[in-house]
Every structure is written in structure tokens, then in C-alpha cells.
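Q:
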Amino acid sequence: MNKKPLAIIVMAIALIVLLSPFIYNAFGTGLFSKVPRPEIKIEKEGKCVRDTEYMRRNHMNILLHSRDEAVREGVRAKDDSLNNCRSCHPSRGDFCIKCHSYIGAKPECFECHYYPKKAER
Amino acid sequence: MDRRAFIKIGGALTIGTVLGQGFQFYQAVADSKGEKTSALAKNKWGMLIDLNKCDAGCTACVDACRKENNVPLFGDKERDIHWIRKASVKQKFPNAREQSVPLLCNHCENPACVQVCPTMASFVRKDGIVLVDKHRCIGCRYCMIACPYKARSFVFKETHDWTNKDVPKRMHGVVEKCDLCVHRIDKGQKPACVEACANANNGAMVFGDLNDPESGISKLIANNAVQQIRADLGLKPKVYYIGM
Chain P
1 MNKKPLAIIV MAIALIVLLS PFIYNAFGTG LFSKVPRPEI KIEKEGKCVR DTEYMRRNHM
61 NILLHSRDEA VREGVRAKDD SLNNCRSCHP SRGDFCIKCH SYIGAKPECF ECHYYPKKAE
121 R
Chain U
1001 MDRRAFIKIG GALTIGTVLG QGFQFYQAVA DSKGEKTSAL AKNKWGMLID LNKCDAGCTA
1061 CVDACRKENN VPLFGDKERD IHWIRKASVK QKFPNAREQS VPLLCNHCEN PACVQVCPTM
1121 ASFVRKDGIV LVDKHRCIGC RYCMIACPYK ARSFVFKETH DWTNKDVPKR MHGVVEKCDL
1181 CVHRIDKGQK PACVEACANA NNGAMVFGDL NDPESGISKL IANNAVQQIR ADLGLKPKVY
1241 YIGM
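So the protein lines, in turn, are chains P and U. With my numbering, the residue at position 34 of the first sequence is 34, and numbering never jumps. Plus 1000 on top of the position in the second sequence (first one is 1) and you've got my numbering.
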């Protein structure tokens, strides 16, 4: 009995399964475009404290770094303080939470730090 | 591949990985270009309280502190948080007067609380202020046992009053105490209690730099009989009292 074709088919299926994440990423946005994206609201036009691209990836590092600097060394960078985010992104619910609930991040900061879910006017 | 080549390639990969990580970390904390202030090691902040000027019925310092730092009162003696409180001290001698003494964290130079802290959440800042990093505190309360001044409080409950929204509130499970209003000091202001005391026309509290011989507080300490509470413990407290 020749099992060669069967083996090739099984291997091909296994290969597709293994590569599925890459396929998804390469073509997925077109194929699966129904995946909802977080709709964050930018209330103040202009620029963030760093480039947008950089902020998207690194805002948590900026916050944690400036937090340690401020509390431990007394170096207070006005731009990087948590209170400053509030001045341009006044509503946590429409901005931070929209993104965080999408990816399931739950930073425990706002029991202590003032950052209302709804913008105050 | 012989052994040499293998070790060479392995070594190069290790170095590359380490350097790459370091570089990434360096990038991640790229500094902000904006406005900045910083605590200086040349300062040594301290406080002097003139008990002769302190009015027993006045609670201006306590009230101002509670307002500035959102320090709550639950009406439950075992749970209440105190950053500064007024105790009345009676001497045992006949007809000795009763004194009202404001008590706060003494910001010791050899703080017992900092030595026992297992997470380095309690620490001495460069300018001599003893602080609790609430982001690090795990609420073990060793520091509360170590502190001979009972200056620290544990947060048992969530609180809701938020009188000063620029200052963080608190969360159940951390220890806190007077921080000499660091957020104000870093802005060049005096602690809220000192300001309130001056506004209440008592002027019993003086705040200043102990390292500067020309500062008001250094001159007062040099020219008066000052006392520290339990100076014998060797913790070198930085809150001085006149007339105790």
C-alpha cells in the first residue's frame, strides 16, 4: 500500500494551520474586516506629547517612567504627568478605556489618580 | 562546525541580544523635552514648631492638610488616617501646664521605617524627605510597627471625598503618612499646614532648609532651646519644637 499522497495532504494541512497567523496578518484585514476596532475620540486637535505612533506603543512606559522619576527622584516632567493627559484627553471613557477594554488591559491607577470617565466641563 | 565557531557565534548572539534589549529600553524612556523640575541634594527640608505660639483650640494645620491631601476621617478611631494630628501633652508635675502639640512625620535622617521596608517603597528622597512610594507599597505595615512616632496610617477603606483633585487619593491596602507636601515643595511652595498656620495668624510652624545657615529655620534653631521628640532614639528627626 502506498501512503505517500495521504502523508503529503496531512503535511499540507498541518502547514496551513501552522502558518494561519501569518496568513491572517497578511490578508486578514481584508478578509476579516468585520473585527471591530476601538473608536477612540481625539477631542483636541494637534499633537500628542510624542509622535502618535510612539504614544500608541509606549504611553505606558512614559507614564511608568515619569512616575518613578517624579516620586523617587523628584524630577517632575510636566508633559509626562498623568494630570497632563487629562488636559487634552479629558474623558477617560472615550479614550483610554475604549482602547484598554478592547485589548483587555486594566491599569489600576484611577482609584488614586483623578481621571473622570466623562469629561467635565 | 567546530567548537570554536560554535562558541563564537553563540557569544555574538548573546551580546547582540543584550545590547538590543538595552537599546530598546533606552528608546522606551526617551526623555521629554518639556518643562521639568527636580529635587536637589543640597537641600535638607525640616520643620520647626513654636509651641508657645500654638493655640490649643486651633486646628488650622490639621484641616489644611486634610483638604490639600484628601486625608479622610471616617469617624472610626481605629481606621482614621492622620498625617498631622494635635495631641495634648500633660506633665506629671503639679500645676504643670497642658500643651497642645502638633505631631507629624519627623522625616528622620535615619528612619526606622525605611530600614524595615521589604519592597523599598519607603525611602528617603535626595532632599531628606521620607516618602512612601504608594505604587510600590504592599501594605505589610512593618513600617508602622517600626515608627516610634506613630506617624503612619494604613488605608483600611476606600475614600470618596476628593477636595484637591490634582493630588491622588488613596487605595485600600497601602500605608501613608505626611509627605511634607512634596508636590508643593517641588513647585517652590510651603507645605499646606505651614501656610495655614501663618494665615491663622499663629505663625507657629516654620518650614525651611536646614542645610542653609541663613534660612529662617536654621537661625531659629541656632538661637533657641529646641527639642526633638525622642531624640535619644538616634533617628535624627527633622521636626524641631520650641517650648516643649
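From the three backbone atoms N, C-alpha and C, an ideal C-beta is built for every residue, glycine too.
Would DSSP call P1102 (chain U) helix, strand or coil?
A: The residue you call residue 1102 (chain U) lines up with position 102 of the second sequence. Three-state result, P1102 (chain U): strand.
Q: Quick check on M1171 (chain U): buried or exposed, where buried means 16 or more other Cβ atoms within 10 Å of its Cβ?
A: The sequence position of residue 1171 (chain U) within the second sequence is 171, counting from 1. It counts as buried.
Q: Tell me whether the beta-carbon of D1209 (chain U) lies closer than 8 Å to the beta-carbon of P1072 (chain U).
A: Along the second sequence, one-based indexing puts residue 1209 (chain U) at 209. Along the second sequence, one-based indexing puts residue 1072 (chain U) at 72. Here D1209 (chain U) is not near P1072 (chain U), since their CB atoms are 8 Å or more apart.
Q: Whole angstroms are fine: how far does the CA of K1086 (chain U) sit from the CA of N1106 (chain U)?
A: Locating residue 1106 (chain U) in the second sequence gives position 106, where the first residue counts as 1. Locating residue 1086 (chain U) in the second sequence gives position 86, where the first residue counts as 1. Looking at the two C-alpha atoms, the distance is approximately 14 Å.
Q: Mind checking the segment 35 to 67 of chain P against chain U and listing, in chain order, the residues whose C-beta falls within less than 7 Å of any C-beta there?
A: V49, N58, N61, H65, R67
Q: Only counting the same chain, and skipping five residues up and downstream in sequence, which positions put a Cβ closer than 6 Å to that of Q1227 (chain U)?
A: Residue numbering aside, residue 1227 (chain U) sits at position 227 when the second sequence is read from its first letter. Excluding sequence neighbours, Q1227 (chain U) sits near Y1241, M1244.
Q: Check whether chain U comes within 8 Å of G74 (chain P), counting only Cβ atoms and requiring the distance to be less than that.
A: Numbered from its first residue, the first sequence carries residue 74 (chain P) at position 74. Cβ-Cβ to chain U under 8 Å: yes for G74 (chain P).
Q: Do A77 (chain P) and S91 (chain P) have their C-beta atoms closer together than 8 Å?
A: On the first sequence, position 77 is the one that residue 77 (chain P) refers to. On the first sequence, position 91 is the one that residue 91 (chain P) refers to. Not a contact, by the Cβ cut-off of 8 Å.
Q: Report, in whole angstroms, the separation of the C-beta atoms of C112 (chain P) and K1187 (chain U), which I expect to be a contact under 8 Å.
A: Counting from 1 along the first sequence, the entry for residue 112 (chain P) is found at position 112. Counting from 1 along the second sequence, the entry for residue 1187 (chain U) is found at position 187. Incorrect: roughly 20 Å between the Cβ atoms, too far for contact.
Q: Just to make sure I have the definition right: I need the residues of chain P whose C-beta is within less than 7 Å of the C-beta of T1037 (chain U). Which are they?
A: Residue 1037 (chain U) sits at position 37 when you count from the first residue of the second sequence. Ordered by position in chain P, the residues that pass the 7 Å Cβ test against T1037 (chain U) are R76.
Q: Have a look at P:S81, P:E73, P:V71, P:K47 and flag the residue whose alpha-carbon is nearest the alpha-carbon of I62 (chain P).
A: Indexing the first sequence from 1 puts residue 62 (chain P) at position 62. The shortest Cα separation from I62 (chain P) among P:S81, P:E73, P:V71, P:K47 belongs to P:S81.
Q: One question on the structure: do W1045 (chain U) and G1173 (chain U) come within less than 8 Å of each other, judged by their Cβ atoms?
A: Mapped onto the second sequence, residue 1045 (chain U) falls at position 45. Mapped onto the second sequence, residue 1173 (chain U) falls at position 173. The answer is no: Cβ separation not under 8 Å.
Q: Less than 8 Å between the beta carbons of D94 (chain P) and K41 (chain P), yes or no?
A: The residue you call residue 94 (chain P) lines up with position 94 of the first sequence. The residue you call residue 41 (chain P) lines up with position 41 of the first sequence. Taking 8 Å as the Cβ cut-off, D94 (chain P) and K41 (chain P) qualify as a contacting pair.
Q: Which residues in the same chain have their Cβ closer than 7 Å to the Cβ of R86 (chain P), if we skip the five residues on either side of it in sequence?
A: If you number the first sequence from 1, residue 86 (chain P) lands on position 86. If we look at R86 (chain P) and ignore the five residues flanking it on each side, its Cβ neighbours are Y115.
Q: Can you tell me where the beta strand (DSSP E) holding R1066 (chain U) begins and where it ends?
A: For this step, residue 1066 (chain U) is matched to residue 66 along the second sequence. Under the DSSP assignment, R1066 (chain U) falls outside any beta strand (DSSP E), being part of the alpha helix (DSSP H) whose first and last residues are 1060 to 1068.
Q: Looking at the strands, I want to know which residues DSSP matches up with E1176 (chain U).
A: The residue you call residue 1176 (chain U) lines up with position 176 of the second sequence. Note: E1176 (chain U) sits in a beta bridge opposite U:S1153.
Q: Give me the chain C residues within the contact set of F1123 (chain U), using Cβ-Cβ distance strictly less than 8 Å, ordered along the chain.
A: The structure shown contains no chain C; its protein chains are P and U.
Q: Roughly how many whole angstroms lie between the Cα atoms of L18 (chain P) and L1013 (chain U)?
A: By one-based count along the first sequence, residue 18 (chain P) stands at place 18. By one-based count along the second sequence, residue 1013 (chain U) stands at place 13. Approximately 27 Å between the Cα atoms of the pair.
Q: By how many angstroms is the C-alpha of H1135 (chain U) removed from the C-alpha of Y54 (chain P)?
A: Taking the first residue of the first sequence as position 1, residue 54 (chain P) is located at position 54. Taking the first residue of the second sequence as position 1, residue 1135 (chain U) is located at position 135. One C-alpha to the other measures close to 25 Å.
Q: Near L1180 (chain U), which residues of its chain fall below 7 Å by C-beta distance, leaving aside the five closest residues on each side in sequence?
A: Within the second sequence, residue 1180 (chain U) is the residue found at index 180, counting from 1. Only W1045, H1107, I1129, P1191 meet the Cβ criterion.
Q: Between the segment 1132 to 1164 of chain U and chain P, which residues of the former have a C-beta closer than 8 Å to a C-beta of the latter?
A: Against chain P - using a Cβ distance shorter than 8 Å - the residues of the segment 1132 to 1164 of chain U are D1133, K1134, H1135, E1158, W1162.
Q: List, in order along the chain, the chain P residues whose C-beta lies closer than 7 Å to that of D1186 (chain U)?
A: What you label residue 1186 (chain U) is simply residue 186 of the second sequence in a count that begins at 1. G74, R76, listed in chain order.
Q: Between the segment 89 to 117 of chain P and chain U, which residues of the former have a C-beta closer than 7 Å to a C-beta of the latter?
A: E111, C112, H113, Y114
Q: Select from U:L1233, U:A1204, U:K1126 the residue whose C-alpha is nearest the C-alpha of C1061 (chain U).
A: Here residue 1061 (chain U) is taken as the residue at index 61 of the second sequence, counted from 1. Closest by alpha carbon: U:A1204.
Q: Whose CA, out of U:I1007, U:T1159, U:C1113, U:V1194, lies closest to the CA of R1141 (chain U)?
A: Here residue 1141 (chain U) corresponds to residue number 141 of the second sequence, with the count starting at 1. Answer by Cα proximity: U:C1113.
Q: So M1205 (chain U) is in the beta strand (DSSP E); what residue range does that whole segment cover?
A: As a working mapping, residue 1205 (chain U) is identified with position 205 in the second sequence. Its beta strand (DSSP E) spans residues 1205 to 1209.
Q: Which one or two residues does DSSP pair with Y114 (chain P) in a beta bridge?
A: Position 114 of the first sequence holds residue 114 (chain P). Answer is none; Y114 (chain P) lacks a bridge partner.
Q: Counting only C-beta atoms, is G1102 (chain U) closer than 8 Å to chain P at any point?
A: Numbered from 1 along the second sequence, position 102 holds the residue referred to as residue 1102 (chain U). According to the sequence displayed, residue 1102 (chain U) carries Pro and not Gly. P1102 (chain U) does not count as touching chain P.
Q: Out of curiosity, what's the CA-to-CA distance linking C9 (chain P) and N2 (chain P)?
A: If you number the first sequence from 1, residue 9 (chain P) lands on position 9. If you number the first sequence from 1, residue 2 (chain P) lands on position 2. It is Ile, not Cys, that sits at residue 9 (chain P) in the sequence shown. For I9 (chain P) and N2 (chain P), the distance between alpha carbons rounds to 13 Å.
Q: Name the residue from U:K1236, U:V1155, U:G1216, U:R1230 whose alpha carbon lies nearest to the alpha carbon of W1083 (chain U).
A: Indexing the second sequence from 1 puts residue 1083 (chain U) at position 83. Among U:K1236, U:V1155, U:G1216, U:R1230, the Cα nearest to that of W1083 (chain U) is on U:V1155.
Q: List the residues of chain U whose Cβ lies closer than 8 Å to the Cβ of N83 (chain P), in chain order.
A: Translated into positions along the first sequence, residue 83 (chain P) becomes position 83. The answer, in chain order, is D1166.
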